[in-house]
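Trainee: Pasting a structure below so you can have a look.
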Amino acid sequence: MMESFVQRFNRLEAQRETGNELIKDLLIYIETVENGLRNENDHRAITENAILQNRNPYIIALIDADGMIFNQDLINQGLEGGKKAANLLRASILEQCSGPQTEEIEIMAKGKAHFDFIDVGHGKERADSKIKECIRWHLKNWNCKQLLLGISFDSGYAPFLDEVITQDDRNRITIMEGPPIVRELSAIGLRSLKFEHIFRSEKLTDRTTEASPTSAPSTWAGVTSIPPPTPPTAVPSPALGSKATSTAIKKPDVTSNVFAKLGWNPRPRGLDPPIHVKKEVLEAVKRRTNNNKLCNNHYLRGPCSKGTECCFEHDHKATEEEIKAIAYLTRQNPCVNGQDCDNDECIYGHHCPSVVIPSVGSKEPTCMAFACKFYKEDHPPGTIIKHPKKEYIERY
1 MMESFVQRFN
11 RLEAQRETGN
21 ELIKDLLIYI
31 ETVENGLRNE
41 NDHRAITENA
51 ILQNRNPYII
61 ALIDADGMIF
71 NQDLINQGLE
81 GGKKAANLLR
91 ASILEQCSGP
101 QTEEIEIMAK
111 GKAHFDFIDV
121 GHGKERADSK
131 IKECIRWHLK
141 NWNCKQLLLG
151 ISFDSGYAPF
161 LDEVITQDDR
171 NRITIMEGPP
181 IVRELSAIGL
191 RSLKFEHIFR
201 SEKLTDRTTE
211 ASPTSAPSTW
221 AGVTSIPPPT
231 PPTAVPSPAL
241 GSKATSTAIK
251 KPDVTSNVFA
261 KLGWNPRPRG
271 LDPPIHVKKE
281 VLEAVKRRTN
291 NNKLCNNHYL
301 RGPCSKGTEC
311 CFEHDHKATE
321 EEIKAIAYLT
331 RQNPCVNGQD
341 CDNDECIYGH
351 HCPSVVIPSV
361 GSKEPTCMAF
371 ACKFYKEDHP
381 PGTIIKHPKK
391 EYIERY
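Read in order, the letters of the sequence shown correspond to residues 1 to 396 in the UniProt record's numbering.
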(Lines of atoms letter the chains of each structure in order from A; the text may use other names.)
(Lines give C-alpha, C1' and ligand atoms only; values in the text may rest on other atoms or scores of the structure.)
Protein backbone atom coordinates (compact mmCIF):
# COMPACT_ATOMS: atom_id res chain seq x y z
CA MET A 1 0.00 0.00 0.00
CA MET A 2 2.78 2.41 0.94
CA GLU A 3 4.58 1.64 -2.30
CA SER A 4 1.44 2.62 -4.22
CA PHE A 5 1.38 6.04 -2.54
CA VAL A 6 5.03 6.60 -3.38
CA GLN A 7 4.49 5.71 -7.02
CA ARG A 8 1.49 7.98 -7.27
CA PHE A 9 3.48 10.81 -5.63
CA ASN A 10 6.35 10.37 -8.09
CA ARG A 11 3.95 10.51 -11.03
CA LEU A 12 2.37 13.70 -9.64
CA GLU A 13 5.81 15.25 -9.11
CA ALA A 14 6.78 14.45 -12.70
CA GLN A 15 3.59 16.04 -13.97
CA ARG A 16 4.25 19.14 -11.84
CA GLU A 17 7.77 19.49 -13.27
CA THR A 18 6.42 19.06 -16.77
CA GLY A 19 3.85 21.79 -16.08
CA ASN A 20 6.49 24.13 -14.71
CA GLU A 21 8.63 23.57 -17.80
CA LEU A 22 5.64 24.35 -19.97
CA ILE A 23 4.92 27.55 -18.08
CA LYS A 24 8.61 28.56 -18.27
CA ASP A 25 8.70 27.92 -22.03
CA LEU A 26 5.50 29.94 -22.48
CA LEU A 27 6.91 32.88 -20.53
CA ILE A 28 10.14 32.84 -22.55
CA TYR A 29 8.16 32.69 -25.80
CA ILE A 30 5.89 35.55 -24.74
CA GLU A 31 8.89 37.70 -23.79
CA THR A 32 10.54 36.97 -27.13
CA VAL A 33 7.38 37.88 -29.04
CA GLU A 34 6.87 41.04 -26.99
CA ASN A 35 10.47 42.17 -27.53
CA GLY A 36 10.17 41.49 -31.23
CA LEU A 37 6.91 43.41 -31.45
CA ARG A 38 8.35 46.27 -29.40
CA ASN A 39 11.44 46.43 -31.61
CA GLU A 40 9.28 46.35 -34.71
CA ASN A 41 7.10 49.16 -33.38
CA ASP A 42 10.18 51.21 -32.49
CA HIS A 43 11.66 50.61 -35.93
CA ARG A 44 8.38 51.55 -37.57
CA ALA A 45 8.14 54.73 -35.48
CA ILE A 46 11.71 55.67 -36.40
CA THR A 47 11.00 54.99 -40.08
CA GLU A 48 7.78 57.00 -40.04
CA ASN A 49 9.52 59.84 -38.22
CA ALA A 50 12.34 59.78 -40.78
CA ILE A 51 9.77 59.85 -43.58
CA LEU A 52 8.03 62.82 -41.97
CA GLN A 53 11.34 64.63 -41.47
CA ASN A 54 12.26 64.12 -45.11
CA ARG A 55 8.85 64.43 -46.71
CA ASN A 56 9.18 68.15 -47.48
CA PRO A 57 12.85 68.98 -46.98
CA TYR A 58 13.91 72.53 -47.60
CA ILE A 59 16.86 74.86 -47.36
CA ILE A 60 16.21 78.45 -46.32
CA ALA A 61 18.37 81.53 -46.79
CA LEU A 62 17.65 84.38 -44.35
CA ILE A 63 19.30 87.58 -45.54
CA ASP A 64 19.58 90.79 -43.52
CA ALA A 65 19.38 93.38 -46.28
CA ASP A 66 20.62 96.13 -43.95
CA GLY A 67 24.14 95.03 -44.84
CA MET A 68 23.92 92.26 -47.44
CA ILE A 69 23.64 94.33 -50.61
CA PHE A 70 23.48 92.98 -54.16
CA ASN A 71 26.36 93.80 -56.47
CA GLN A 72 25.94 97.10 -58.27
CA ASP A 73 25.58 95.50 -61.70
CA LEU A 74 22.54 93.55 -60.45
CA ILE A 75 21.04 96.67 -58.86
CA ASN A 76 21.52 98.63 -62.09
CA GLN A 77 19.43 96.06 -63.96
CA GLY A 78 16.36 96.83 -61.84
CA LEU A 79 13.64 94.16 -61.99
CA GLU A 80 15.67 91.92 -64.29
CA GLY A 81 18.60 92.21 -61.91
CA GLY A 82 16.40 90.97 -59.09
CA LYS A 83 15.34 87.93 -61.12
CA LYS A 84 18.95 87.28 -62.05
CA ALA A 85 20.02 87.53 -58.41
CA ALA A 86 17.33 84.99 -57.42
CA ASN A 87 18.50 82.54 -60.07
CA LEU A 88 22.16 83.01 -59.12
CA LEU A 89 21.35 82.48 -55.45
CA ARG A 90 19.37 79.31 -56.15
CA ALA A 91 22.09 77.91 -58.39
CA SER A 92 24.79 78.65 -55.82
CA ILE A 93 22.81 77.02 -53.01
CA LEU A 94 22.12 73.91 -55.10
CA GLU A 95 25.80 73.67 -55.96
CA GLN A 96 26.85 73.82 -52.30
CA CYS A 97 24.01 71.74 -50.84
CA SER A 98 23.83 68.90 -53.34
CA GLY A 99 21.69 65.88 -52.58
CA PRO A 100 19.10 63.53 -54.10
CA GLN A 101 16.24 66.00 -53.55
CA THR A 102 17.91 69.34 -54.13
CA GLU A 103 16.38 69.71 -57.59
CA GLU A 104 13.01 70.17 -55.85
CA ILE A 105 14.21 73.20 -53.89
CA GLU A 106 12.18 76.33 -54.62
CA ILE A 107 13.34 79.93 -54.36
CA MET A 108 11.06 82.96 -54.37
CA ALA A 109 11.03 86.26 -56.13
CA LYS A 110 9.13 87.47 -59.15
CA GLY A 111 11.28 84.96 -61.00
CA LYS A 112 10.75 82.08 -58.53
CA ALA A 113 7.97 80.81 -56.32
CA HIS A 114 9.14 81.19 -52.72
CA PHE A 115 11.34 84.26 -52.43
CA ASP A 116 9.96 86.70 -49.85
CA PHE A 117 11.06 90.30 -49.42
CA ILE A 118 9.81 91.61 -46.08
CA ASP A 119 9.80 95.32 -45.24
CA VAL A 120 10.09 95.31 -41.45
CA GLY A 121 9.51 99.06 -41.23
CA HIS A 122 11.29 101.82 -39.34
CA GLY A 123 13.79 100.87 -36.66
CA LYS A 124 17.40 99.80 -36.51
CA GLU A 125 16.88 96.39 -34.88
CA ARG A 126 13.67 95.29 -36.59
CA ALA A 127 15.39 93.26 -39.31
CA ASP A 128 17.52 91.58 -36.62
CA SER A 129 14.43 90.66 -34.58
CA LYS A 130 12.63 89.23 -37.61
CA ILE A 131 15.59 87.09 -38.66
CA LYS A 132 16.27 85.86 -35.11
CA GLU A 133 12.69 84.65 -34.69
CA CYS A 134 12.84 82.96 -38.10
CA ILE A 135 16.04 81.18 -37.05
CA ARG A 136 14.36 79.93 -33.85
CA TRP A 137 11.38 78.60 -35.79
CA HIS A 138 13.30 76.84 -38.54
CA LEU A 139 15.80 75.26 -36.12
CA LYS A 140 12.86 73.50 -34.46
CA ASN A 141 11.63 72.18 -37.81
CA TRP A 142 13.52 69.05 -38.87
CA ASN A 143 12.28 69.47 -42.43
CA CYS A 144 14.71 72.38 -42.56
CA LYS A 145 17.97 70.75 -43.61
CA GLN A 146 20.10 73.88 -43.83
CA LEU A 147 19.87 77.52 -42.75
CA LEU A 148 21.99 79.94 -44.74
CA LEU A 149 22.29 83.21 -42.84
CA GLY A 150 23.19 86.44 -44.64
CA ILE A 151 24.42 88.19 -41.49
CA SER A 152 28.20 88.24 -41.91
CA PHE A 153 28.43 91.99 -41.29
CA ASP A 154 26.56 92.16 -37.96
CA SER A 155 28.23 91.10 -34.69
CA GLY A 156 24.89 91.49 -32.89
CA TYR A 157 23.84 88.02 -34.03
CA ALA A 158 26.76 86.29 -32.25
CA PRO A 159 25.30 86.21 -28.68
CA PHE A 160 21.95 85.06 -30.07
CA LEU A 161 23.47 82.16 -32.02
CA ASP A 162 25.55 81.12 -29.01
CA GLU A 163 22.33 80.92 -27.02
CA VAL A 164 20.05 79.03 -29.42
CA ILE A 165 22.18 76.56 -31.38
CA THR A 166 23.04 73.11 -30.04
CA GLN A 167 25.90 70.85 -31.10
CA ASP A 168 23.48 68.99 -33.39
CA ASP A 169 22.42 72.28 -35.00
CA ARG A 170 25.91 73.36 -35.99
CA ASN A 171 25.94 71.27 -39.17
CA ARG A 172 22.64 72.82 -40.22
CA ILE A 173 23.81 76.44 -40.15
CA THR A 174 25.99 78.25 -42.69
CA ILE A 175 27.00 81.92 -42.71
CA MET A 176 26.65 83.57 -46.13
CA GLU A 177 29.53 85.93 -46.66
CA GLY A 178 29.02 89.21 -48.46
CA PRO A 179 31.01 91.67 -46.37
CA PRO A 180 33.78 89.85 -44.45
CA ILE A 181 32.54 87.90 -41.43
CA VAL A 182 32.95 89.91 -38.25
CA ARG A 183 35.25 88.52 -35.56
CA GLU A 184 32.43 87.68 -33.13
CA LEU A 185 30.61 85.48 -35.66
CA SER A 186 33.83 83.87 -36.84
CA ALA A 187 34.60 82.84 -33.25
CA ILE A 188 31.44 80.68 -33.14
CA GLY A 189 33.05 78.35 -35.67
CA LEU A 190 30.14 77.90 -38.07
CA ARG A 191 30.71 76.99 -41.71
CA SER A 192 30.74 79.91 -44.15
CA LEU A 193 30.27 80.32 -47.90
CA LYS A 194 31.21 83.26 -50.11
CA PHE A 195 28.77 84.67 -52.65
CA GLU A 196 30.99 87.31 -54.25
CA HIS A 197 29.13 87.12 -57.58
CA ILE A 198 25.85 88.09 -55.87
CA PHE A 199 26.63 90.33 -52.88
CA ARG A 200 29.08 93.19 -52.64
CA SER A 201 32.00 92.52 -50.35
CA GLU A 202 32.37 96.11 -49.12
CA LYS A 203 30.63 96.81 -45.83
CA LEU A 204 28.34 99.84 -45.83
CA THR A 205 29.85 102.67 -43.83
CA ASP A 206 28.06 105.12 -41.59
CA ARG A 207 27.30 108.55 -42.93
CA THR A 208 30.03 110.75 -41.44
CA THR A 209 30.53 113.65 -43.78
CA GLU A 210 28.24 115.60 -46.01
CA ALA A 211 28.86 116.09 -49.69
CA SER A 212 30.91 119.07 -50.81
CA PRO A 213 28.78 122.00 -52.00
CA THR A 214 30.82 122.18 -55.18
CA SER A 215 30.59 118.49 -56.10
CA ALA A 216 28.18 117.45 -58.82
CA PRO A 217 25.61 114.71 -58.24
CA SER A 218 26.44 111.37 -59.83
CA THR A 219 22.70 110.68 -60.28
CA TRP A 220 19.57 112.78 -60.14
CA ALA A 221 19.00 111.36 -56.67
CA GLY A 222 22.14 113.22 -55.70
CA VAL A 223 20.26 116.49 -55.93
CA THR A 224 18.72 115.60 -52.56
CA SER A 225 22.05 115.16 -50.82
CA ILE A 226 23.96 118.27 -51.91
CA PRO A 227 23.46 121.41 -49.80
CA PRO A 228 22.80 124.56 -51.84
CA PRO A 229 25.35 127.36 -52.02
CA THR A 230 25.08 130.12 -49.44
CA PRO A 231 22.53 132.69 -50.67
CA PRO A 232 24.17 135.93 -51.83
CA THR A 233 23.53 138.89 -49.57
CA ALA A 234 21.76 142.01 -50.78
CA VAL A 235 23.64 145.24 -51.41
CA PRO A 236 21.80 148.25 -49.85
CA SER A 237 20.27 150.62 -52.39
CA PRO A 238 21.78 154.12 -52.50
CA ALA A 239 19.84 157.27 -51.64
CA LEU A 240 16.88 158.32 -53.76
CA GLY A 241 17.93 160.02 -56.98
CA SER A 242 21.19 158.16 -57.45
CA LYS A 243 21.57 155.16 -59.78
CA ALA A 244 20.25 152.08 -57.99
CA THR A 245 22.43 148.99 -58.13
CA SER A 246 21.99 145.70 -56.29
CA THR A 247 22.93 142.07 -56.62
CA ALA A 248 20.33 139.38 -57.16
CA ILE A 249 18.83 138.18 -53.92
CA LYS A 250 18.14 134.46 -53.62
CA LYS A 251 15.48 133.64 -51.05
CA PRO A 252 16.95 131.23 -48.49
CA ASP A 253 15.19 128.00 -47.65
CA VAL A 254 12.61 128.74 -44.95
CA THR A 255 12.61 125.29 -43.38
CA SER A 256 16.38 125.07 -43.01
CA ASN A 257 16.32 128.46 -41.26
CA VAL A 258 13.67 127.12 -38.87
CA PHE A 259 15.83 124.19 -37.84
CA ALA A 260 18.85 126.47 -37.43
CA LYS A 261 16.87 128.82 -35.18
CA LEU A 262 15.58 125.91 -33.11
CA GLY A 263 19.01 124.34 -32.86
CA TRP A 264 17.44 121.02 -33.85
CA ASN A 265 19.44 118.39 -35.68
CA PRO A 266 18.10 114.81 -35.49
CA ARG A 267 20.48 111.89 -35.30
CA PRO A 268 22.09 109.73 -36.49
CA ARG A 269 21.46 110.80 -40.10
CA GLY A 270 20.86 114.48 -39.48
CA LEU A 271 18.95 117.07 -41.49
CA ASP A 272 18.14 116.53 -45.14
CA PRO A 273 19.89 119.19 -47.26
CA PRO A 274 17.25 121.68 -48.48
CA ILE A 275 16.07 121.65 -52.09
CA HIS A 276 15.42 125.01 -53.78
CA VAL A 277 12.79 124.91 -56.49
CA LYS A 278 10.94 127.58 -58.46
CA LYS A 279 7.35 127.92 -57.32
CA GLU A 280 5.87 127.95 -60.82
CA VAL A 281 7.74 124.77 -61.77
CA LEU A 282 6.65 123.08 -58.54
CA GLU A 283 3.00 123.93 -59.18
CA ALA A 284 3.24 122.66 -62.76
CA VAL A 285 4.65 119.32 -61.60
CA LYS A 286 1.98 119.05 -58.86
CA ARG A 287 -0.77 119.57 -61.45
CA ARG A 288 0.25 116.36 -63.19
CA THR A 289 -2.03 113.60 -61.89
CA ASN A 290 -2.90 109.97 -62.54
CA ASN A 291 -1.03 108.51 -65.56
CA ASN A 292 0.41 111.94 -66.36
CA LYS A 293 2.24 112.12 -63.00
CA LEU A 294 6.01 112.02 -63.37
CA CYS A 295 7.47 108.78 -61.96
CA ASN A 296 9.62 109.50 -58.91
CA ASN A 297 11.73 106.36 -59.32
CA HIS A 298 12.33 106.90 -63.03
CA TYR A 299 13.47 110.51 -62.78
CA LEU A 300 15.29 110.38 -59.44
CA ARG A 301 16.76 106.88 -59.45
CA GLY A 302 16.44 105.87 -63.07
CA PRO A 303 15.36 103.62 -64.78
CA CYS A 304 12.12 102.54 -63.11
CA SER A 305 12.26 98.84 -62.18
CA LYS A 306 8.59 98.36 -63.16
CA GLY A 307 9.33 99.29 -66.77
CA THR A 308 6.24 99.31 -68.98
CA GLU A 309 4.12 98.03 -66.07
CA CYS A 310 4.51 101.36 -64.25
CA CYS A 311 1.39 103.54 -64.38
CA PHE A 312 3.30 106.85 -64.25
CA GLU A 313 4.97 109.01 -66.91
CA HIS A 314 8.45 108.01 -68.13
CA ASP A 315 8.67 109.64 -71.58
CA HIS A 316 8.61 113.31 -70.61
CA LYS A 317 12.03 114.98 -70.96
CA ALA A 318 12.25 116.65 -67.57
CA THR A 319 14.29 119.81 -67.06
CA GLU A 320 16.68 120.24 -64.15
CA GLU A 321 14.13 122.42 -62.36
CA GLU A 322 11.44 119.76 -62.84
CA ILE A 323 13.80 117.15 -61.40
CA LYS A 324 14.27 119.39 -58.35
CA ALA A 325 10.49 119.73 -58.05
CA ILE A 326 10.05 115.94 -58.18
CA ALA A 327 12.75 115.54 -55.53
CA TYR A 328 11.10 118.23 -53.37
CA LEU A 329 7.69 116.51 -53.54
CA THR A 330 9.16 113.06 -52.95
CA ARG A 331 10.85 114.42 -49.84
CA GLN A 332 7.34 114.93 -48.38
CA ASN A 333 7.12 111.12 -48.01
CA PRO A 334 8.98 109.62 -45.02
CA CYS A 335 11.74 107.07 -45.52
CA VAL A 336 10.81 103.77 -43.84
CA ASN A 337 14.23 103.68 -42.15
CA GLY A 338 13.98 107.23 -40.82
CA GLN A 339 17.14 108.49 -39.15
CA ASP A 340 18.64 104.99 -39.39
CA CYS A 341 18.82 105.24 -43.18
CA ASP A 342 22.42 105.07 -44.42
CA ASN A 343 21.70 105.46 -48.15
CA ASP A 344 23.32 108.75 -49.19
CA GLU A 345 21.11 108.91 -52.29
CA CYS A 346 17.80 108.13 -50.58
CA ILE A 347 15.06 110.18 -52.24
CA TYR A 348 12.67 110.22 -49.27
CA GLY A 349 12.41 112.47 -46.23
CA HIS A 350 14.12 111.66 -42.94
CA HIS A 351 12.31 114.36 -40.97
CA CYS A 352 9.31 116.56 -41.71
CA PRO A 353 10.30 119.32 -44.16
CA SER A 354 7.10 121.34 -43.63
CA VAL A 355 7.93 123.03 -40.31
CA VAL A 356 7.78 126.84 -40.08
CA ILE A 357 7.83 129.50 -37.37
CA PRO A 358 4.77 131.71 -37.93
CA SER A 359 5.55 135.39 -38.47
CA VAL A 360 2.51 136.39 -36.39
CA GLY A 361 0.83 134.89 -33.36
CA SER A 362 2.41 131.85 -31.72
CA LYS A 363 6.13 131.46 -32.23
CA GLU A 364 5.99 127.73 -31.70
CA PRO A 365 7.29 125.67 -34.63
CA THR A 366 4.31 124.56 -36.70
CA CYS A 367 3.92 121.76 -39.25
CA MET A 368 1.97 123.15 -42.20
CA ALA A 369 1.57 119.84 -44.06
CA PHE A 370 -1.97 118.58 -44.61
CA ALA A 371 -2.33 115.00 -43.28
CA CYS A 372 1.36 114.98 -42.38
CA LYS A 373 2.84 111.54 -42.99
CA PHE A 374 5.69 111.99 -40.51
CA TYR A 375 5.60 110.88 -36.87
CA LYS A 376 5.85 113.27 -33.95
CA GLU A 377 9.51 112.42 -33.38
CA ASP A 378 10.26 113.46 -36.96
CA HIS A 379 9.48 117.07 -35.99
CA PRO A 380 11.40 119.43 -33.69
CA PRO A 381 10.31 119.14 -30.03
CA GLY A 382 7.17 121.15 -29.29
CA THR A 383 6.05 121.36 -32.93
CA ILE A 384 2.34 122.05 -33.39
CA ILE A 385 1.08 119.56 -35.98
CA LYS A 386 -2.01 121.27 -37.36
CA HIS A 387 -3.22 118.53 -39.69
CA PRO A 388 -1.86 115.12 -38.62
CA LYS A 389 -2.59 112.01 -40.62
CA LYS A 390 -5.77 110.49 -39.17
CA GLU A 391 -4.26 107.15 -38.13
CA TYR A 392 -1.32 108.93 -36.44
CA ILE A 393 -3.45 111.04 -34.08
CA GLU A 394 -3.08 108.60 -31.17
CA ARG A 395 0.72 108.74 -31.52
CA TYR A 396 0.63 112.51 -31.10
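Yeah, the Cβ is synthetic: ideal placement off N, Cα and C, and Gly gets one too.
Short of 7 Å in beta carbon distance, which residues of its chain neighbour Pro303, apart from the five on each side in sequence? Order them along the chain.
Mentor: Closer than 7 Å at the Cβ level, and outside the excluded window around Pro303, lie Gly78.
Trainee: Check Leu271 in the structure and name its three-state DSSP category.
Mentor: Residue state, collapsed to three classes: coil.
Trainee: With 16 as the cutoff for other CB atoms within 10 Å, does Tyr299 come out buried or exposed?
Mentor: So Tyr299 ends up on the buried side.
Trainee: Would you kindly work out how many angstroms separate the C-alpha atoms of Arg11 and Glu17, rounded to a whole number?
Mentor: Each residue's Cα considered, the two are about 10 Å apart.
Trainee: Going straight from the alpha carbon of Asp128 to that of Asp64, what length do you get?
Mentor: So the two alpha carbons sit approximately 7 Å from each other.
Trainee: Kindly list the residues whose CB is nearer than 6 Å to the CB of Leu190, restricted to its own chain and excluding five residues on each side of it in sequence; keep chain order.
Mentor: Closer than 6 Å at Cβ, skipping near neighbours: Ile173, Ile175.
Trainee: Report the residue ranges of all beta strand (DSSP E) runs contained in full by the stretch 49-102; include only those spanning at least 3 residues, in chain order.
Mentor: DSSP runs (the beta strand (DSSP E)) wholly in the stretch 49-102: 58-63.
Trainee: Let me make sure I understand the geometry here. Which of Asn265, Lys261, Asp42, Glu184 has the alpha-carbon closest to that of Glu377?
Mentor: The shortest C-alpha separation from Glu377 is found at Asn265.
Trainee: Taking DSSP as the reference, what is the three-state secondary structure of Leu193?
Mentor: Leu193: strand per DSSP, three-state reduction.
Trainee: Along the alpha helix (DSSP H) that carries Thr330, what are the first and last residues, could you check?
Mentor: Start and end: 320-330.
Trainee: Work out the CA separation of Cys367 and Ile357 for me, nearest whole Å.
Mentor: Between Ile357 and Cys367, the C-alpha separation is close to 9 Å.
Trainee: In chain order, what residues of the same chain have a beta carbon less than 7 Å from the beta carbon of Lys261, not counting five sequence neighbours either side?
Mentor: Contacts found: Ile357.
Trainee: If you drop the 5 nearest sequence neighbours on each side, which residues of the same chain put their C-beta closer than 6 Å to that of Ala369?
Mentor: Within the same chain, Ala369 has close Cβ partners Ser354.
Trainee: In chain order, what residues of the same chain lie with their CB nearer than 7 Å to the CB of Asn39, ignoring the 5 residues before and after it?
Mentor: Counting only Cβ-Cβ distances below 7 Å, and skipping sequence neighbours, we find nothing.
Trainee: Hey, Phe195 and Glu177 are a contact pair by Cβ (cut 8 Å); roughly how many whole angstroms apart?
Mentor: At roughly 7 Å, the Cβ-Cβ gap stays under 8 Å, so Phe195 and Glu177 are in contact.
Trainee: Which class does Val285 belong to by DSSP, given the choice of helix, strand or coil?
Mentor: Three-state DSSP puts Val285 in a helix.
Trainee: Under 6 Å Cβ to Cβ from Phe312, same chain only, skipping five residues before and after it: list those, please.
Mentor: Excluding residues within five positions, the ones whose Cβ falls inside 6 Å are Lys293, Cys295.
Trainee: To the nearest angstrom, how far is it from the Cα of Gly270 to the Cα of Asp340?
Mentor: C-alpha separation (whole angstroms): 10 Å.
Trainee: Between Gly67, Lys140, Ser186, which has its C-alpha nearest Asp162's C-alpha?
Mentor: Here the closest residue by C-alpha is Ser186.
Trainee: Could you spell out where the alpha helix (DSSP H) holding Phe374 opens and where it closes?
Mentor: Unbroken run through Phe374: none, as it is neither H nor E.
Trainee: In this structure, does DSSP put Val356 in helix, strand or coil?
Mentor: DSSP places Val356 in strand when its eight states are reduced to three.
Trainee: Roughly how many whole angstroms lie between the Cα atoms of Asn290 and Pro334?
Mentor: Approximately 21 Å, taken between the alpha carbons.
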